Amino acid sequence: MKRPLVIMICVLVAIVAATGIVIITYDGPETDNVDPLRVSRARSAWQLFSQAKTLIATGHYQEAERILARQLRLYPESVMALRLHGRAKYELGEYAEAADIFRLLIARDPQDAISRNNLGQCLIRMQWIEAGIKELLHAREIAPGTPFIDENLMQAYLVLGDVKKASQYRFSAEKIRSNAQLQLEPMDAIRVNEPPPPAVNEPEPESRHEQD
16 MKRPLVIMIC
26 VLVAIVAATG
36 IVIITYDGPE
46 TDNVDPLRVS
56 RARSAWQLFS
66 QAKTLIATGH
76 YQEAERILAR
86 QLRLYPESVM
96 ALRLHGRAKY
106 ELGEYAEAAD
116 IFRLLIARDP
126 QDAISRNNLG
136 QCLIRMQWIE
146 AGIKELLHAR
156 EIAPGTPFID
166 ENLMQAYLVL
176 GDVKKASQYR
186 FSAEKIRSNA
196 QLQLEPMDAI
206 RVNEPPPPAV
216 NEPEPESRHE
226 QD
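Okay, so the sequence shown: first residue is 16 according to the working numbering, each after it adds one.
The following block contains the structure:
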């Protein structure tokens, strides 16, 4: 047998042997970085959040609040869940607790227009109308062209008896809605549903967390 042929055969045998070793010792893709518990928690949290959204949409706020409290034990940093939890608290009349949730979110992100709108609505419900208007105006600065914020301002100024400003924000909201092709609004945003209590000239208290 010629020497070059022998060398070629030896090289091929070596390649086949090396390939066989690789195939035998290969265990498949690494799974060490996948935490099954974390995946399970994420799946559970998402299922709970989906249930809560359905309950909020159908007006079952008590059940939604319980489910969101469970979800937040899994993921306490979830902004969407916190805002929805605050809305459920608001709809249940727990305005002080809802306000604390929105203050927490604003502390994390001062440009969170939805949380500022929601805090404004909570303050108005607690009869701190001017403090509520201040938050609503701040929300409007952050997210101009948002009709439900203007509608909330309209209602707040009506409570103060300022018909001129109320009409201004009513006209603004109607103009925005007439120009908008798609008027989807976030589920976790609090909107006007019925007139709030009459205004009372009392100073806004500090957050209950701050008092503690």
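Backbone N, C-alpha and C fix where the C-beta goes; we use that ideal spot for every residue, glycine too. Model, not experiment: these values are computed from the prediction.
A114 and Q86 have their alpha carbons spaced roughly 19 Å apart.
The Cβ atoms of L134 and R118 lie closer than 8 Å to each other. Selection R206, E156 and C137 evaluated against M169 yields R206 as nearest (Cα-Cα). At a cut-off of 4 residues, the continuous stretches assigned as alpha helix (DSSP H) that sit fully inside the region 64-115 are 76-89 and 94-106. About 13 Å separates the beta carbon of L83 from that of S59, a gap too long to meet the 8 Å contact definition. Judged by DSSP secondary structure, R140 falls within the alpha helix (DSSP H) whose first and last residues are A128 to R140. Rounded to whole angstroms, the gap between the alpha carbons of T73 and R98 is 17 Å. The C-alpha of E150 lies about 12 Å from the C-alpha of D165. Classified as exposed, R192 has fewer than 16 neighbouring CB atoms from the shown chains inside 10 Å of its CB. The criterion of a C-beta distance shorter than 8 Å is satisfied by A128 and I157.
Put simply, of T161, L70 and S130 the residue whose alpha carbon is nearest the alpha carbon of G147 is S130.
Around the CB of W61, fewer than 16 other CB atoms lie within 10 Å, so the residue is classed as exposed. Per DSSP, E200 lies in no alpha helix (DSSP H) and is assigned neither H nor E. In this chain, the alpha helix (DSSP H) harbouring P162 covers P162 to L175. One Cα belongs to E80, the other to Q126, and the distance between them is close to 25 Å.
Closest by C-alpha distance to Q77, out of R102, S93 and V94, is R102. Within the model, the alpha-carbon separation for R185 versus G176 is close to 14 Å.
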